[in-house]
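Student:
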DNA sequence: TTTCTAAATACAATCGATTGTATTTTTATT
DNA sequence: AATAAAAATACAATCGATTGTATTTAGAAA
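Residue numbers (our numbering), protein chains in the order written: chain A, 1 to 348; chain B, 349 to 696.
#1: Taking the alpha-carbon of residue 157 (chain A) as reference, which of A:244, A:195, A:312 and A:126 has the nearest alpha-carbon?
#2: From which residue to which residue does the alpha helix (DSSP H) around residue 663 (chain B) run?
#3: Could you tell me whether any Cβ in chain B is nearer than 9 Å to the Cβ of residue 259 (chain A)?
#4: Taking the C-alpha atoms as reference points, what is the distance between residue 309 (chain A) and residue 129 (chain A)?
#5: Distance, Cα to Cα, residue 570 (chain B) vs residue 44 (chain A)?
#6: Run the CB neighbour count on residue 528 (chain B), radius 10 Å, all protein chains shown included, and call it buried at 16 or more, exposed below.
#7: Which of helix, strand or coil does DSSP assign to residue 112 (chain A)?
#8: Quick check on residue 341 (chain A): buried or exposed, where buried means 16 or more other Cβ atoms within 10 Å of its Cβ?
#9: Consider the Cβ of residue 280 (chain A): report whether some Cβ of chain B lies at a distance smaller than 9 Å.
#10: Just mark residue 51 (chain A) as buried or exposed, buried being the case when its beta carbon has 16 or more other beta carbons within 10 Å.
#11: For the region 51 to 63 of chain A, which residues have a beta carbon sitting closer than 8 Å to at least one beta carbon of chain B?
#12: So if I threshold CB-CB distances at 7 Å, which residues from the region 240 to 268 of chain A count as touching chain B?
#13: Going by beta carbon distance, what residues of the same chain come within less than 6 Å of residue 91 (chain A), once the five residues before and after it are set aside?
#14: Report the CB separation of residue 679 (chain B) from residue 516 (chain B) in whole angstroms; it is logged as a contact under 8 Å.
#15: List, in order along the chain, the chain A residues whose C-beta lies closer than 7 Å to that of residue 496 (chain B)?
#16: Check each candidate in B:394, B:446 and B:539 and name the one with the smallest Cα separation from residue 594 (chain B).
#17: Grab me the residues of residue 53 (chain A)'s own chain with a C-beta within less than 8 Å of its C-beta, minus the 5 sequence neighbours each way, in chain order.
#18: Would you kindly work out how many angstroms separate the C-alpha atoms of residue 429 (chain B) and residue 492 (chain B), rounded to a whole number?
#19: Under three-state DSSP, which class holds residue 467 (chain B)?
#20: Considering Cα atoms alone, identify which of B:397, B:373 and B:385 is closest to residue 364 (chain B).
#21: Against chain B, with Cβ distances strictly below 9 Å, would residue 121 (chain A) count as a contact?
#22: Which runs of the beta strand (DSSP E) spanning at least 3 residues fall entirely within the region 580 to 627 of chain B, listed in chain order?
#23: Please report how far the alpha carbon of residue 351 (chain B) lies from the alpha carbon of residue 323 (chain A), in whole angstroms.
#24: Between residue 439 (chain B) and chain A, is the shortest Cβ-Cβ distance under 9 Å, so that the two count as touching?
#25: With a 10 Å radius around its C-beta and 16 neighbouring C-beta atoms as the bar for buried, classify residue 371 (chain B) as buried or exposed.
#26: Helix or strand or just coil, what does DSSP make of residue 83 (chain A)?
#27: With distances taken from CA atoms, which of B:380, B:659 and B:625 is nearest residue 533 (chain B)?
#28: Taking the DSSP output, what are the residues bridged to residue 648 (chain B)?
#29: Which residues, in chain order, does the region 283 to 300 of chain A contribute to contact with chain B at a C-beta distance below 7 Å?
#30: Sort B:525, B:547 and B:466 by Cα distance to residue 503 (chain B) and report the nearest one.
#31: Which of the residues in the region 486 to 515 of chain B, read from start to end, lie with their CB under 7 Å from any CB of chain A?
#32: Among residues of its own chain, excluding the 5 on either side of residue 173 (chain A), which ones have a beta-carbon nearer than 8 Å to its beta-carbon?
#33: Find out if the Cβ-Cβ distance for the pair residue 561 (chain B), residue 600 (chain B) is shorter than 9 Å.
#34: Please return the same chain residues whose Cβ sits closer than 6 Å to the Cβ of residue 549 (chain B), not counting the five positions on each side in sequence.
Below you can see the structure in the form of structure tokens.
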């Protein structure tokens, strides 16, 4: 069964102008509520536009104005709690300033990230907020944005030595706090699950771990640092490695919750008691962290605040294109959420 | 410290044409690899374009072609596992067909949903894939899309009596399976956490629940159905209500995992044993469902498949604009993931 | 070499809205 | 009523790419 569809309505300002026997520039100004048009004419235009079912073509408008009032956001995966809450913060701040947000995910692939940047630039977004993929090692792929003068602000995962502003989590402090917390709970042999080393965030979390050990007089042993992509399976692998170590491990600081939780599940299956035998700290405060038993101690990154701040800075830069400000670098402290995975009985 | 920024490069095909002393139409065709241009000229154009740092302006291109090769997706929240996996499926299918995807979240607000639709239409996306907010009661706000001839496909949460294609989860079956599973585990007094009733999905899950009771000779009692928005706090509230009921409840079927998990946590705190005292089934297979103890039995909706299917149908409709096909309605069965929250000791 | 055809390129209109300038209309002033 | 000033509207160019048609060029056949 097929019907011929009624032709799509493609009313333009010219059609309205013709219907009212006035000029399309007046229609345009009326629709934009310009002071150069009488109230009376505005009313006539608005009424006719409504009658005719007019809908502005933003492609044409944006082309003419070379401004889209849109910013693009690229994150590795929207499903991660930290990223989706950062996006919420970005949307909030953008909405206040009358901007739209285009959300994109790189799926941790460099090639996709590059492609997305080019598409956003080709669509003339006014700015880009970016948290890089695990495969990204430098900022060369931002060249297309730079060439077009599109402002870019990093958040959380960033590249080093670039001339872009960034809003970062204080990963060093987070790593330090996590580790020192474990030490204060009595842990001595603490394993660290780290991520891809080209990402500053993992480097810094590790440095915090090292510093906390040092400050507390515990020697750093590189064999206790496990590098991986911190996926679920990596957590399980890491847990297996721990059980095979000659040394009796009594603490884990994982650079993310996903692998911490996977490790906990595996360890529990093997009869290890948490926190009694091994205490665990994660990073990011995923929803699951509050659900697992014992509830996972973790670092909350207030993604919302980071997203808002990144957006503010982006707008500053968009509105100050003519002058180049020294790139800003803002660091936001994560807060340690102490939960049962580190609550030794002795504390009671 | 301020510097004057180098002017943004705004090279157009006209600049390339001038540099090569040829016409811009030839440049355009060369860049689009048209057969009307010699290999030699194409090579010259490509080289020069690269040299000059040319980047196509998609606003202009799309305006002229009145085609954006972009589809918009609107979901209530990207952070929900079902939606982010549906988006993954959509992006996969779209990418294969050379389309870009714009992801938007309504945050469960009708006004935002309406606004997003209008913006997408104004930006002339080629189609929209939509899962409505909890506040949405009908499809009137899709008028702007209909007027412009923009194809729309619903998935999961849809409106009734509309002329749009939809890809749905078999919510009735899911509700039925969940409830019957509880009954088979020996539950007799089963509470159902339902969602906003204007949403078909919750209506259908409830109908499945009723049908399973009926089939198994258990009388339906409306006082055992709790309506809410199924947020975390609602789960806690519902759990409290259960504890206050005169009847001894031995099973819960929640229309989503979020509230099921919140309820479990509260019940456990009150000393209720799950599944021994009360068995619980959720819906959606959120990551936390596998993490809570006991692991939550739930219905997996294969969001990825639903997303892919919705995209396929959307493309069919985009490519067949001239004829109106009868709207399709595809139903995909969810699968019951049996986990410990319903594993009665007697089963062992 | 001339002529014809096909291939390559140039010309110009177009997509729909915006905006600086020019023109007309209205209002105020004398 | 005449004139100046202000307000409202019209005109036309423009944003950057695409595309139907016209023209030029190159190659083949006579």
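Glycine residues also receive a C-beta, built at the ideal position from the N, C-alpha and C atoms. Quantities reported herein were computed from a predicted structural model and do not represent experimental measurements.
Tutor: Quick look at the numbers:
#1: A:195
#2: 651 to 666
#3: no
#4: 11 Å
#5: 55 Å
#6: buried
#7: helix
#8: buried
#9: no
#10: exposed
#11: 53, 55, 56, 57, 58, 59, 60, 62 and 63
#12: 261
#13: 101
#14: 5 Å
#15: 8, 9 and 55
#16: B:539
#17: 9 and 11
#18: 30 Å
#19: helix
#20: B:397
#21: yes
#22: 599 to 602
#23: Note that residue 351 (chain B) scores 45 on pLDDT, short of 50, meaning its location in the model is unreliable and no value can be drawn from it.
#24: yes
#25: exposed
#26: helix
#27: B:625
#28: B:683
#29: 287, 288, 291, 292 and 293
#30: B:547
#31: 492, 495, 496 and 497
#32: 208, 333 and 334
#33: no
#34: 505 and 519
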